[in-house]
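Protein chains in written order, with this note's numbering: chain A, 1 to 290; chain B, 291 to 619.
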Amino acid sequence: MIASLRRAWFRRVGGGGVGIAALALLAGCDHRPTSPPPGRHVAPRRIVSLAPSCTETLVALGVAPLLVGISDYCPELPAGCAATRVGGLENLNVEALLELDPDLVLTVQAADDRGLAAFRRLGVAVRGSNPQSLAAMLAEVEALAVLVGVAERGRELAASLHARLDAIARDPAARIPTIYVEVDEPGCFTIGHSSFVHEAVAAAGGLNVFGDVAQDYFQASQEALLARAPDVVLLLHPIGRPLAERPEIAGLAAFRNGRVIADFDRDSLLRSSPRLVDGIEALHRRLATP
Amino acid sequence: MIRAPGRALATLVVVMLIAFALALAVGPQGWPSEAILRLRLSRAELAIIVGSGLACTGTVLQALSGNPLADPSVIGASSGAAVGIVVARWCGIALTSPLLPLFSVLGAYAAIMLVLRIARTGGRTPVQTLLLAGVTVGTLGLAIVLLYYNFHTGDAGRTMLFLMGSLGESKPELIALAAGCVAICIAAATLSSRALDAFCAGETSAHHLGIDVERYKIGFCLLSAALVGVIVAVAGMIGFVGLIVPHVARALVGHAHRWLIPASAIAGAAFLLLADLVARTAAEPLELSIGAITAFCGGPFFLLLLRRRVRERDVLARSDSTDDRGRPR
Chain A
1 MIASLRRAWF RRVGGGGVGI AALALLAGCD HRPTSPPPGR HVAPRRIVSL
51 APSCTETLVA LGVAPLLVGI SDYCPELPAG CAATRVGGLE NLNVEALLEL
101 DPDLVLTVQA ADDRGLAAFR RLGVAVRGSN PQSLAAMLAE VEALAVLVGV
151 AERGRELAAS LHARLDAIAR DPAARIPTIY VEVDEPGCFT IGHSSFVHEA
201 VAAAGGLNVF GDVAQDYFQA SQEALLARAP DVVLLLHPIG RPLAERPEIA
251 GLAAFRNGRV IADFDRDSLL RSSPRLVDGI EALHRRLATP
Chain B
291 MIRAPGRALA TLVVVMLIAF ALALAVGPQG WPSEAILRLR LSRAELAIIV
341 GSGLACTGTV LQALSGNPLA DPSVIGASSG AAVGIVVARW CGIALTSPLL
391 PLFSVLGAYA AIMLVLRIAR TGGRTPVQTL LLAGVTVGTL GLAIVLLYYN
441 FHTGDAGRTM LFLMGSLGES KPELIALAAG CVAICIAAAT LSSRALDAFC
491 AGETSAHHLG IDVERYKIGF CLLSAALVGV IVAVAGMIGF VGLIVPHVAR
541 ALVGHAHRWL IPASAIAGAA FLLLADLVAR TAAEPLELSI GAITAFCGGP
591 FFLLLLRRRV RERDVLARSD STDDRGRPR
């Protein structure tokens, strides 16, 4: 139960989406596909992004001025852009969102999310996507670019991201270090091979120590972490408890050897957006440094 | 019916020692390294402290309320402690701070005192009103926790997950504090076993037996608040232990609290040791929620117990309404 709650919470906060359960209650359940209603060929001009990854993608495409509303978890927009914050996780301000009169709402909710259907019933076009791999992220960049009418820019951005990933792949380390990625505490909340973070770690030249687990995010046992003895520990959350007080971390050779990375820009690895490539490059550099 | 409570208690001690040995020896890694052994020892210590404390609280509350369904959540103590934790977090106190138990004990105490004040009429505290007020205050407490979750979305997720219960806490100061508090409370409850026995016969009978009912009632509520507050501060809210274990202990050593309190404490420790063993090994390398394990083990057992109790009541009711040959009176 903890693991599933954490997973749901993490998807919304770390993964970038926003809970819209209240809307679901308001409008009931629907399972239509997640693309905007057919017949709308005009590029949207008033977009609300409820997901940091969508916001970052639009910023990278150079169309940040189209954003009229963003979630509390989204990054600051470039100078000159003004967007209203419409809440976050459990406190989405639906009325504030509707007042912005958006012609498109972007979110990373899964296709069968009831919240998407609820938005549609309120007459708002919604696009939900959930790119859980590097290929899906690159495809999403191109798809969003087409949607907002900058298809060419999208192709160029995706190509440049692809080229940067290829450059990292051509620079393999002498030895691939095993790495434990912690995305939350208390407990050892980590990633399995179903998460895009697992693929990002692999692209950076690391081997996820829990890569054999067929989960996206899950709570590992403290003992399993000690037994798997990773070479590197990567903490992608604010440190709540001193590491020396955590026996499952303090007992690792990585801790004794100073191979614990606690100051990493966590959002760069936890959001499936073009910024993920920045995170992969930064992690690649950190892993190469002994 | 129970002939040798001493022998039953000794058996429980042996069971707990076996559970302790298993908790140290069994794990996915076979023979453990020093670091893993230290980890298992820390979890086992916490399992013993939390298990014995929760079971003792359950026994005291069941005697006090004369209700076999009573446990820390019923009189609002658990959610009071949870509110204390939320207030501490709101004041910026870390989840590992030694100040945290102070807030949760105060929260549990405030909840219990509020329940007592609401439930008290004419200088007395009838059991039904006590339970009703307890459930209401408990619900209010949970509402405060949920509101905190709404308003502090970033950090609140972590606090909520902490409250859901785990034996991962390993800070020696917190463990020592909890151990001391639980030991003192168990000793105090054992020394007050005569009063607890009297409460089982009802408040009026307890009064006729010379027990200062109101004073003891407040004392036992304070004791429960201290236990629940400290346990919630180190391990979150782990359910079912305080509800189930006292019934098992009662079946083994009888109803005399002189034996029942220590037996409950030992059985509670053994139960949580085994539950934690399952939590960390059943789905390795995943760690399961300890609260889910206690509920899965405790739930079916409790339903069996409830069913048996209902049947016994039916038999009693039938014998009351029929004569010796089974004919209606």
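Just so it is clear, CB atoms sit at the ideal spot from N, CA and C, and this is done for glycine as well.
Give me the chain B residues within the contact set of residue i, using Cβ-Cβ distance strictly less than 7 Å, ordered along the chain.
i: Q222(A); result: L329 and G458
i: Q219(A); result: L576 and E577
For residue i, collect the residues of the same chain with a Cβ closer than 6 Å to its Cβ; drop the 5 residues on either side in sequence, then sort them by chain order.
i: C511(B); result: I402
i: A493(B); result: Note that residue 493(B) corresponds to Glu in the displayed sequence, not to Ala. Result list for E493(B): V503, in chain order.
i: G374(B); result: F393, S394, L396 and G397
i: S369(B); result: G428, G431 and L432
i: A22(A); result: Interpretation of A22(A) is limited by its pLDDT of 38, a score under 50 that renders its predicted location unreliable; the figure taken from the coordinates is listed afterwards. Result list for A22(A): empty, nothing under 6 Å.
i: T107(A); result: G17, L50, A51 and G128
i: D265(A); result: none
State yes or no: is the C-beta of residue i within less than 9 Å of the C-beta of residue j?
i: A565(B); j: L542(B); result: no
i: P295(B); j: A546(B); result: yes
i: I179(A); j: L234(A); result: yes
i: I261(A); j: R286(A); result: yes
i: Y439(B); j: M450(B); result: yes
i: I339(B); j: M306(B); result: no
i: V364(B); j: I551(B); result: no
i: I326(B); j: S456(B); result: no
i: A367(B); j: E459(B); result: no
Could you pull out every residue in the same chain whose Cβ sits closer than 8 Å to the Cβ of residue i, ignoring the five residues on either side in sequence?
i: P172(A); result: G205
i: A96(A); result: G69, T84, V86 and G87
Taking the C-alpha atoms as reference points, what is the distance between residue i and residue j?
i: G28(A); j: P274(A); result: Reliability fails at G28(A), whose pLDDT of 34 lies under 50, so the model's placement of it is uncertain and no value is given.
i: L499(B); j: L312(B); result: 45 Å
i: E156(A); j: T571(B); result: 49 Å
i: S323(B); j: L67(A); result: 55 Å
i: Q352(B); j: A118(A); result: 47 Å
i: G341(B); j: R448(B); result: 24 Å
i: L283(A); j: V201(A); result: 8 Å
i: L567(B); j: E56(A); result: 44 Å
i: G15(A); j: N357(B); result: Below a pLDDT of 50, predicted positions are generally treated as unreliable, and G15(A), at 40, falls in that range; no measurement from the model is reported.
i: G211(A); j: H198(A); result: 7 Å
i: A523(B); j: A371(B); result: 8 Å
i: G69(A); j: I434(B); result: 30 Å
i: R328(B); j: L578(B); result: 20 Å
i: L336(B); j: P388(B); result: 16 Å
i: L481(B); j: A473(B); result: 12 Å
i: T34(A); j: L144(A); result: With a pLDDT of 48 at T34(A), under the threshold of 50, the modelled position of that residue is not reliable, and no figure is offered here.
i: A446(B); j: A384(B); result: 12 Å
i: S221(A); j: I465(B); result: 20 Å
i: T419(B); j: A585(B); result: 27 Å
i: A516(B); j: P75(A); result: 44 Å
i: R540(B); j: G348(B); result: 12 Å
i: G544(B); j: A491(B); result: 15 Å
Residues of chain A with CB closer than 7 Å to the CB of residue i, please, in chain order.
i: S332(B); result: P247
i: Q319(B); result: E223 and A227
Find the nearest neighbour of residue i within the set the options, judged by alpha-carbon distance.
i: K507(B); options: V405(B), A300(B), P318(B) and L302(B); result: V405(B)
i: G470(B); options: P391(B), G356(B), A367(B) and G366(B); result: P391(B)
i: C587(B); options: V376(B), E335(B), S363(B) and G529(B); result: G529(B)
i: V535(B); options: G356(B), A553(B) and G519(B); result: A553(B)
i: V215(A); options: A224(A), P230(A) and S194(A); result: In the sequence as displayed, the identity of residue 215(A) is Gln instead of Val. Selected option, being the one with the closest Cα: S194(A).
i: S483(B); options: G519(B), R548(B), A446(B) and G532(B); result: R548(B)
i: A400(B); options: G519(B), V600(B), L562(B) and R540(B); result: G519(B)
i: R330(B); options: D231(A), E223(A) and G154(A); result: E223(A)
i: R228(A); options: G509(B), L517(B), L576(B) and R505(B); result: L576(B)
i: L138(A); options: G154(A), V150(A) and Q219(A); result: G154(A)
i: D101(A); options: R175(A), V124(A), A43(A) and E76(A); result: V124(A)
i: G343(B); options: S514(B), G366(B), K461(B) and L464(B); result: S514(B)
i: R164(A); options: E281(A), P44(A) and R45(A); result: E281(A)
i: R379(B); options: E459(B), F452(B) and A488(B); result: F452(B)
i: Q109(A); options: I176(A), Q132(A) and G279(A); result: Q132(A)
Who are the neighbours of residue i on chain A, taking C-beta pairs under 8 Å?
i: A433(B); result: Per Cβ cutoff of 8 Å: no residues; A433(B) is ~14 Å from chain A at best.
i: I326(B); result: E223, L226, A227 and G251
i: Q418(B); result: By Cβ distance, chain A contributes nothing, its closest Cβ being about 32 Å from Q418(B), past 8 Å.
i: F452(B); result: P186
Excluding five sequence neighbours on each side, which residues of the same chain lie with their C-beta closer than 7 Å to the C-beta of residue i?
i: L25(A); result: Note on L25(A): pLDDT 34, under 50, position unreliable in the model; no value is reported.
i: L236(A); result: V181, E182, V183, F264, R266, L269 and L270
i: F310(B); result: A334 and L563
i: L291(A); result: What the structure shows of chain A is the stretch from 1 to 290, and residue 291(A) is not part of that stretch, so it cannot be assessed.
i: A478(B); result: L513
i: A555(B); result: S342, A345, C346 and I476
Interface residues of chain C around residue i at Cβ under 9 Å?
i: F119(A); result: Within the model displayed, chain C is absent; protein chains A and B are what it includes.
Taking 8 Å as the cut-off, does the CB of residue i come closer than this to any heavy atom belonging to the ligand ADP?
i: A227(A); result: Ligands are entirely absent from the displayed structure, and the ligand ADP is therefore not among its contents.
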